[in-house]
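Undergrad: This structure is in structure tokens; I'll ask about it shortly.
Number of protein chains: 2
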Amino acid sequence: MGEFELIARFFDRPLPSGSGVALGVGDDCALIEPTPGQRLAVSSDMLVEGRHFLSTVDPAALGHKALAVNLSDLAACGARPRAFTLALSLPRPDEAWLGALATGLHALGERHRCPLVGGDTTAGPLNLCITVLGEVPPGQALLRSAAQPGDDLWVSGTLGGARLALEVFRGRVPAAAVDFDSARRAMEWPEPRVALGLALRGVAHAAIDVSDGALGDLGHILRASRLDAEVWADALPAHPALATRPLDERRRLMLAGGDDYELLFTAPPSRRDAVLAAAACSHTPVHRIGRLHPCPQGVQPGPARVLDAQGRGLAGPFASFDHFKAEPAADA
Amino acid sequence: MGEFELIARFFDRPLPSGSGVALGVGDDCALIEPTPGQRLAVSSDMLVEGRHFLSTVDPAALGHKALAVNLSDLAACGARPRAFTLALSLPRPDEAWLGALATGLHALGERHRCPLVGGDTTAGPLNLCITVLGEVPPGQALLRSAAQPGDDLWVSGTLGGARLALEVFRGRVPAAAVDFDSARRAMEWPEPRVALGLALRGVAHAAIDVSDGALGDLGHILRASRLDAEVWADALPAHPALATRPLDERRRLMLAGGDDYELLFTAPPSRRDAVLAAAACSHTPVHRIGRLHPCPQGVQPGPARVLDAQGRGLAGPFASFDHFKAEPAADA
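So the protein sequences, as listed, match chains E and D.
So for the first sequence, this note's numbering puts the first residue at -1; every next one is plus one.
So for the second sequence, this note's numbering puts the first residue at -1; every next one is plus one.
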């Protein structure tokens, strides 16, 4: 199977009607009709074998996740998905593997009306790079820099499941089969919070998706908005698979785990009802987990303070994931 | 140096005024203002070490080429560059190497008013994936499917230089130092024909950029437009470094070499003056190298026939590059 047959068989699909895609896979460029008056949102994410996924991963899950992490970036901006490109480097064209990858990819794309419109295929170490395009009205994007002092801090869904699965895969912690299965699902089939992101336009101030660890990702909001924050450890929504873990481990998994693809966002206390309405209409649970404070003049916005239910500060480390630094604590 | 410091140091640059980029590097998404009434053109290309470039490549040249091959796709559609994203997987963050890569990348982006607006950085085998965004008025994109019977076939610049350099690097053919230097420049610093692509709007019918080999890339136009073609071997513009090669080798390098990033395009004979005017105003040499013919009903559009100056057919093979098939003949 050659490169062009591979593209035709697995990646060239009829475009859904009303997609606004004037030209899809198969020319030098894809052509898309922007919706008048909208801003274009664009994000790229690269997934590398052994780094972002294990070589044994179900290829359907890999296809799903590669697109999901990109849609999650659109969600964090409150942007509506329009289309995506896939650049794929793979050691050899295995038909069953590619068929499953394409199935996972197209299924998630169809659910979000976000078709594959182009890309590239090459031989090489396994690597998937997706670029996703979305739209958002001017002034309505949820930016990291838009948080305000006094804002509530919220998070969608639950935290820590994906990281627990990774730790079990690495043989670092044991887990009951039922917990491992549900944690593994969180790791391999994350659900991008697109509907919540759209519903939070005009309600939330700032947002980010939790990819490297909740506390580290919150740090990006704090630095961009020049604010401090407190996070209430006992208000954090734990993934069900974490229910039987020791308290300290559970907190680390939730605060520093990463790969959650939940939305972490801020909104003024006056909009609590609107946040809950956005959560309800998008069928996405949300939890209020902290508060933002002014950052004293001349002080660098630091990591958020983590407090227990009695308001006592908890010592970390809750290190976030950094691709070029040592891995987070192995005992997380 | 961590992931975020790396991005800040090498990839986050002030946006040029009037870029229409509302938000660049550093949030979940970049935000771009589309020009009203334009179609969005999008293309992704992935470059893998050992496949698309040698590990010893000058990183400035690599940065240049990674963006150049993407801009070349925009050129082939007649689209004007707007912005690009870079996803980069690299084994370790080497500051000198990254600095040079960024220099090559930003310099070409600046010349085309096409800023880096976002992307991703991760550890892994060296791999660069660029997605470029451009704009073209509705109905004016140059499509592979728009060639007409009777069209002239044209090509910009010269062919074969990049492939000659590759063959010398591989130790398969010798070359004088002066020829190798100039061929190597063609391979490492290709100049995307953006200005020519823009000037050919409304003049050319179909276009493609020569990445896998002129004859193979022409095949994409023929299949998409359901046409046949003749190519005049003696009218092909050879890269100067090919001047002393044997005739047969020179033809193979030009027809099957690949990595040229010239524009191969078709236009009606009535528009020859307009083609030459487009070439002149974009300061890009062009050569007329063949003609398109109707494809008999029921016959699959095949590879173009290659004719010598006496109209005699030349036997191939002039195999094009395919990432999942055997490499083109080593004696090319």
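Cβ coordinates follow ideal geometry from the N, Cα and C atoms, glycine included.
Keep in mind it's a predicted model, so treat the numbers as computed, not measured.
Please state the DSSP three-state secondary structure of E47/E.
TA: Here residue 47/E corresponds to residue number 49 of the first sequence, with the count starting at 1. It is a strand residue.
Undergrad: Does the structure place the region 118 to 130 of chain D close enough to the region 141 to 160 of chain D that three or more beta carbon pairs sit under 8 Å?
TA: Result no; under three Cβ-Cβ pairs closer than 8 Å.
Undergrad: Give me the chain E residues within the contact set of E31/D, using Cβ-Cβ distance strictly less than 7 Å, ordered along the chain.
TA: The residue labelled residue 31/D in the question sits at position 33 within the second sequence. Within chain E, the residues near E31/D are R37.
Undergrad: When you compare the CB of P123/D with every CB in chain E, is at least one pair closer than 9 Å?
TA: For the purposes of this step, residue 123/D is taken as residue 125 along the second sequence, with counting starting at 1. Judged by the 9 Å Cβ criterion, P123/D is in contact with chain E.
Undergrad: With a 10 Å radius around its C-beta and 16 neighbouring C-beta atoms as the bar for buried, classify P136/D as buried or exposed.
TA: For the purposes of this step, residue 136/D is identified with residue 138 of the second sequence, where counting begins at 1. Per the 10 Å Cβ criterion, exposed.
Undergrad: Let me make sure I understand the geometry here. Which of S143/E, L225/E, A175/E, E189/E has the alpha-carbon closest to that of A59/E?
TA: To locate residue 59/E, count along the first sequence from 1; it is residue 61. Of S143/E, L225/E, A175/E, E189/E, the residue nearest in Cα terms is E189/E.
Undergrad: Closer than 6 Å by C-beta to V166/E: which residues in its own chain qualify, once you throw out the five before and the five after it? Chain order, please.
TA: For the purposes of this step, residue 166/E is identified with residue 168 of the first sequence, where counting begins at 1. Excluding positions up to five away in sequence, the list reads A173, F178.
Undergrad: Output the distance between the C-alpha atoms of M252/D and S223/D, rounded to the nearest integer angstrom.
TA: Numbered from its first residue, the second sequence carries residue 252/D at position 254. Numbered from its first residue, the second sequence carries residue 223/D at position 225. In a straight line, the C-alpha of M252/D is about 23 Å away from that of S223/D.
Undergrad: By the criterion of Cβ-Cβ separation under 7 Å, what are the contact partners of R142/D in chain E?
TA: Residue mapping note: residue 142/D aligns to position 144 of the second sequence, counting from 1. Within 7 Å Cβ-Cβ: D25.
Undergrad: Under 9 Å, do P123/D and A98/D count as touching if we go by C-beta distance?
TA: The residue labelled residue 123/D in the question sits at position 125 within the second sequence. The residue labelled residue 98/D in the question sits at position 100 within the second sequence. Cβ atoms of P123/D and A98/D: not closer than 9 Å.
Undergrad: Roughly how many angstroms separate the alpha carbons of L240/D and A181/D, rounded to a whole number?
TA: Taking the first residue of the second sequence as 1, we reach residue 240/D at position 242. Taking the first residue of the second sequence as 1, we reach residue 181/D at position 183. Each residue's Cα considered, the two are about 8 Å apart.
Undergrad: Would you call R80/D buried or exposed, if buried means 16 or more other Cβ atoms sit within 10 Å of its Cβ?
TA: Within the second sequence, residue 80/D is the residue found at index 82, counting from 1. Looking at its Cβ environment, which holds 16 or more other Cβ atoms inside 10 Å, R80/D is buried.
Undergrad: Using a Cβ distance threshold of 8 Å, determine whether the region 8 to 19 of chain E contacts the region 85 to 96 of chain D, with at least three qualifying pairs required.
TA: At 8 Å Cβ cutoff, the stretches do not touch.
Undergrad: Please name the residues in the region 183 to 207 of chain E whose beta-carbon is closer than 9 Å to at least one beta-carbon of chain D, in chain order.
TA: Against chain D - using a Cβ distance shorter than 9 Å - the residues of the region 183 to 207 of chain E are A205, I206, D207.
Undergrad: Between R286/D and the rest of its own chain, which residues show a CB-CB distance below 6 Å, the 5 nearest in sequence each way excluded?
TA: Walking along the second sequence from the start, residue 286/D turns up at place 288. These residues qualify, in order along the chain: D150, W152.
Undergrad: If you pair each beta-carbon of the region 38 to 46 of chain D with each one of the region 101 to 113 of chain E, do three or more pairs fall below 8 Å?
TA: The answer is no - the region 101 to 113 of chain E does not touch the region 38 to 46 of chain D, with fewer than three Cβ pairs under 8 Å.
Undergrad: Where does the unbroken alpha helix (DSSP H) through A378/D begin, and where does it stop?
TA: Chain D is shown from -1 up to 330; residue 378/D falls before or after that span and cannot be answered.
Undergrad: List the whole-angstrom C-beta distance separating G132/E from E228/E, where the pair is believed to meet the contact cut-off of C-beta under 8 Å.
TA: As a first step, residue 132/E must be located in the first sequence, where it is residue number 134. As a first step, residue 228/E must be located in the first sequence, where it is residue number 230. At roughly 32 Å, the Cβ-Cβ gap does not stay under 8 Å, so G132/E and E228/E are not in contact.
Undergrad: Please list the partners that P235/D has in chain E, where partner means a Cβ-to-Cβ separation under 7 Å.
TA: Looking up residue 235/D in the second sequence gives position 237. Ordered by position in chain E, no residue passes the 7 Å Cβ test against P235/D, which lies about 21 Å from the chain.
Undergrad: In terms of alpha-carbon separation, which member of L213/E, Y259/E, D257/E, L305/E lies closest to W230/E?
TA: What you label residue 230/E is simply residue 232 of the first sequence in a count that begins at 1. Closest option to W230/E, Cα to Cα, is L305/E.
Undergrad: At a CB-CB cut-off below 7 Å, which residues of chain D make contact with A20/E?
TA: Within the first sequence, residue 20/E is the residue found at index 22, counting from 1. Going along chain D in sequence order, the residues near A20/E (Cβ under 7 Å) are R37.
Undergrad: Rounded to the nearest angstrom, how far is the Cβ of I219/D from that of T264/D, given a contact under 8 Å?
TA: For the purposes of this step, residue 219/D is identified with residue 221 of the second sequence, where counting begins at 1. For the purposes of this step, residue 264/D is identified with residue 266 of the second sequence, where counting begins at 1. Contact holds; Cβ gap of about 7 Å.
Undergrad: So, do the region 71 to 78 of chain D and the region 21 to 29 of chain E have three or more beta carbon pairs nearer to each other than 8 Å?
TA: Flag = yes, the region 71 to 78 of chain D and the region 21 to 29 of chain E touch.
Undergrad: With 8 Å as the C-beta to C-beta threshold (strictly closer), list the residues of the region 106 to 123 of chain E near chain D in chain order.
TA: Cβ contacts with chain D come from V115, G116, G117, D118, T119, T120, A121, G122, P123.
Undergrad: At the 9 Å Cβ level, is L240/E part of the contact set with chain D, yes or no?
TA: Residue mapping note: residue 240/E aligns to position 242 of the first sequence, counting from 1. Not one chain D Cβ lies under 9 Å of L240/E.
Undergrad: G195/D and L106/D look like a contact to me (Cβ under 8 Å); what is the Cβ gap, rounded to whole Å?
TA: In the second sequence, counting from the first residue as 1, residue 195/D sits at position 197. In the second sequence, counting from the first residue as 1, residue 106/D sits at position 108. Wrong, their Cβ atoms sit about 15 Å apart, outside the cutoff.
Undergrad: Counting only Cβ pairs nearer than 9 Å, list the residues of chain E close to V46/D.
TA: Residue numbering aside, residue 46/D sits at position 48 when the second sequence is read from its first letter. Those within 9 Å of V46/D in chain E are S87, T120, A121, G122, P123, N125.
Undergrad: What runs of the alpha helix (DSSP H), each 4 residues or longer, lie entirely inside the region 222 to 278 of chain D?
TA: Fully enclosed alpha helix (DSSP H) runs of 4 or longer: 245 to 254.
Undergrad: Specify the secondary structure class of E133/D as computed by DSSP and reduced to three states.
TA: Along the second sequence, one-based indexing puts residue 133/D at 135. Strand at E133/D.
Undergrad: Name the chain E residues that come within less than 9 Å of T54/D, Cβ to Cβ?
TA: Start at 1 with the first residue of the second sequence, and residue 54/D comes out as number 56. Under the 9 Å cutoff, chain E gives no residues; its nearest Cβ is about 17 Å from T54/D.
Undergrad: Am I right that P301/E and L213/E are in contact with their C-beta atoms under 8 Å? What's the rounded C-beta distance?
TA: Within the first sequence, numbered from 1, the residue matching residue 301/E stands at position 303. Within the first sequence, numbered from 1, the residue matching residue 213/E stands at position 215. Sure, about 6 Å apart at Cβ, within 8 Å.
Undergrad: Please report the distance separating the alpha-carbon of V46/D from that of A236/E.
TA: Locating residue 46/D in the second sequence gives position 48, where the first residue counts as 1. Locating residue 236/E in the first sequence gives position 238, where the first residue counts as 1. One C-alpha to the other measures close to 40 Å.
Undergrad: Answer yes or no: does any C-beta atom of chain E fall closer than 9 Å to that of V40/D?
TA: Position 42 of the second sequence, counted from the start, is the residue given in the question as residue 40/D. Interface residue, yes.
Undergrad: From the beta carbon of T83/E, is the nearest beta carbon of chain D less than 9 Å away?
TA: As a working note, residue 83/E is residue 85 in the first sequence. So yes, T83/E belongs to the interface.
Undergrad: Check the Cβ of C293/E against every Cβ in chain D and list those closer than 9 Å, keeping chain order.
TA: Locating residue 293/E in the first sequence gives position 295, counting from the first residue. In chain order: nothing, as chain D lies at least about 18 Å away.
Undergrad: Report yes or no: is there a C-beta of chain E within less than 9 Å of the C-beta of P136/D?
TA: Taking the second sequence and counting its residues from 1, one reaches residue 136/D at position 138. Closer than 9 Å: yes.
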